[in-house]
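Working notes, beginning with the structure itself.
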Amino acid sequence: YLTPYDKQRSLELGTLSDGRLVLVGISGEVSMGRQIGSFGVSAFDDNDHSDTLGSARDLHRGDSITVEGVGTFTLKEAHSDIVWFTPNPGKATFCFDPDPTFTKRSYP
């Protein structure tokens, strides 16, 4: 599962077959009782040049999106942060099934 510990920072997901580092940013919220999640995936080279590989917005629980060369992301659950009078983006958890060519980072 992918769950960011800090919604302001991207997770280091792993590396593409060409060696570029892949980061994923994740957000979530509960709106009208529905769990909604979004994510974006970018690749960075040694010169810090980035390319957007894929993204998805407003996925509902159970929805899946495949990013070519990276893998499939399925929204497991989403949570809003404290909300007073305006929507406040929170966190989401995605199941991640890596592409066979993708090298997933091992977290301790």
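According to my numbering, the residues represented by the sequence shown are 15 to 122, in order.
Ideal placement from N, C-alpha and C gives every residue a C-beta, glycine not left out.
Apply the 10 Å Cβ neighbour rule to residue i and answer buried if 16 or more other Cβ atoms are within range, or exposed otherwise.
i: residue 43; result: buried
i: residue 33; result: exposed
i: residue 47; result: exposed
Give me, in chain order, the residues of the same chain whose beta-carbon lies closer than 7 Å to that of residue i; leave out the 5 immediate sequence neighbours on both sides.
i: residue 94; result: 43, 44, 102 and 104
i: residue 119; result: 26, 27 and 28
i: residue 53; result: 38, 39, 40, 69, 70, 87 and 108
i: residue 115; result: 31 and 83
Which residues in the same chain have their Cβ closer than 8 Å to the Cβ of residue i, if we skip the five residues on either side of it in sequence?
i: residue 92; result: 42, 43, 44, 49, 50, 51, 75, 104, 105, 106 and 107
Write down the C-beta distance between residue i and residue j rounded to the nearest angstrom, noting that I regard them as a contact closer than 8 Å.
i: residue 117; j: residue 28; result: 5 Å
Under 6 Å Cβ to Cβ from residue i, same chain only, skipping five residues before and after it: list those, please.
i: residue 64; result: 56 and 58
i: residue 79; result: 70 and 87
i: residue 68; result: 55 and 81
i: residue 112; result: 85 and 118
i: residue 72; result: 50
i: residue 77; result: 89
Who does residue i pair with in a DSSP beta bridge?
i: residue 114; result: Note: residue 114 sits in no beta bridge, so no partner.
i: residue 93; result: 105
i: residue 69; result: 54
**Report entry** Runs of beta strand (DSSP E) wholly within the stretch 17-55 (minimum 3 residues, chain order)
**Finding:** Counting whole runs of 3 or more residues, the stretch 17-55 contains the beta strand (DSSP E) stretches 25-29 and 35-45.
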